[in-house]
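Numbering (the working numbering), first residue to last: 7 to 279.
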C-alpha cells in the first residue's frame, strides 16, 4: 500500500471515528439480541445460514434466514454478537469496513493496517465460525479521495486473504457521501446495475464541474461470489430503517407472521447495540 493511499484512508477513518455510539434506545441491548438468537435456534422451522450460503440453501418446507452484520465502526460489539450466535449454534456474516478507524493505525509516524483488527476478524471467523465479508466503500474512495478503487480492492483482498481471512462476498456501505453525490457503492461492480431513484448516478458523478466516471470491476476478477443487496429474498429487515420515526428493532420481528419457504435477510449494525 502506498503512503498516499494510507494517508487518505487514515483521514477517512478519523471522520468515521468522530461519530459516537448511540446508547439511547432501550430496544438495542445484547440481552435482547441474545433472546432473539435463542428464539431462532429453538425454532425447528427455521434454518439460519451465512449469506454466502443463502442462495445455495433450498428447502420449501423451512424458513431460510440469513443474519447480516455491517460492522461499520464497532468491531468490539461485533465480536460480542458473534460469540452469542456461536453459543446457540448460529452462523452469520460480518462485513468489515475498510474506511473505519479500527482497520488502519498510525504508530510512530507510520501508517499500518491494524494487527488488532486481524485478531478480531480471526476470532469471529475461526473461533466462532462466521463469515467475514467486505463492506464496500469503493466509489467513495474514488469520488471523494481520488483513489484508484480497483487497485485498492485487489491490494486489500490479497492482503486479507494472505492473513487467512476468507472473503467471498461484498455488502455496499452507505454514507453521507452517497446521499451528497447520488451513488451507491455497489455501483463499482458491473453486475450491480439496478438503479435506485434516490441514487441515480450509476456510472459517473459531477464534482465541482468535473465529471468523474466510476472505475468498475466485476465479481470474478476479485474472486467474489455475491453482493449482499442482490441476493434473492422476499423479506428484508434492517435496524437502519425507521417506522413512525422509530428505528426498527428485533423486538418488531413477528415470528407468527413467517411462512414456510420465506427467504429472509436481517441486517443489524453493531454500533446500535
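The beta carbon of each residue, even a glycine, is placed where N, CA and C say it ideally should be.
In the DSSP annotation of this structure, residue 39 is not part of any beta strand (DSSP E); the continuous alpha helix (DSSP H) holding it starts and ends at 36-48. Under DSSP, residue 218 takes part in a beta bridge, and its partners are 211. Annotation: residue 141 to residue 50 spans about 31 Å, alpha carbon to alpha carbon. The shortest CA-to-CA distance from residue 78 to any of 70, 48, 90, 101 is the one to 101.
Going by DSSP, residue 137 is part of the beta strand (DSSP E) stretching over 137-142. By the criterion of a C-beta distance shorter than 6 Å, residue 80 is surrounded in its chain by 276, 277, once the five residues flanking it on both sides are discounted. Non-local C-beta neighbours of residue 202 in its own chain, meaning closer than 7 Å and more than five positions away in sequence, comprise 190, ordered along the chain.
For residue 244, the enclosing beta strand (DSSP E) covers residues 241-244. A distance below 9 Å separates the beta carbons of residue 92 and residue 135. Counting only residues of its own chain and dropping the five nearest sequence neighbours on each side, residue 70 has a CB closer than 6 Å to the CB of 53, 63, 269. Contact check for residue 229 against residue 163 passes: the beta carbons are separated by less than 9 Å. The DSSP assignment places complete alpha helix (DSSP H) segments of no fewer than 4 residues inside the stretch 141-215 at 144-151, 155-168, 182-187, in order along the chain. In this structure, 218 is the residue among 218, 171, 181 with its C-alpha nearest to the C-alpha of residue 148.
Residue 175 sits away from residue 246, with the two beta carbons spaced by 9 Å or more.
Per the coordinates, the alpha-carbon of residue 165 lies some 20 Å from the alpha-carbon of residue 232. DSSP links residue 122 through a beta bridge to no other residue. When secondary structure is reduced to three states using DSSP, residue 110 falls in the strand class.
When beta bridges are read from the DSSP output, residue 72 appears opposite 55, 271. Each residue's CA atom was taken as its position, placing residue 207 and residue 154 some 18 Å apart.
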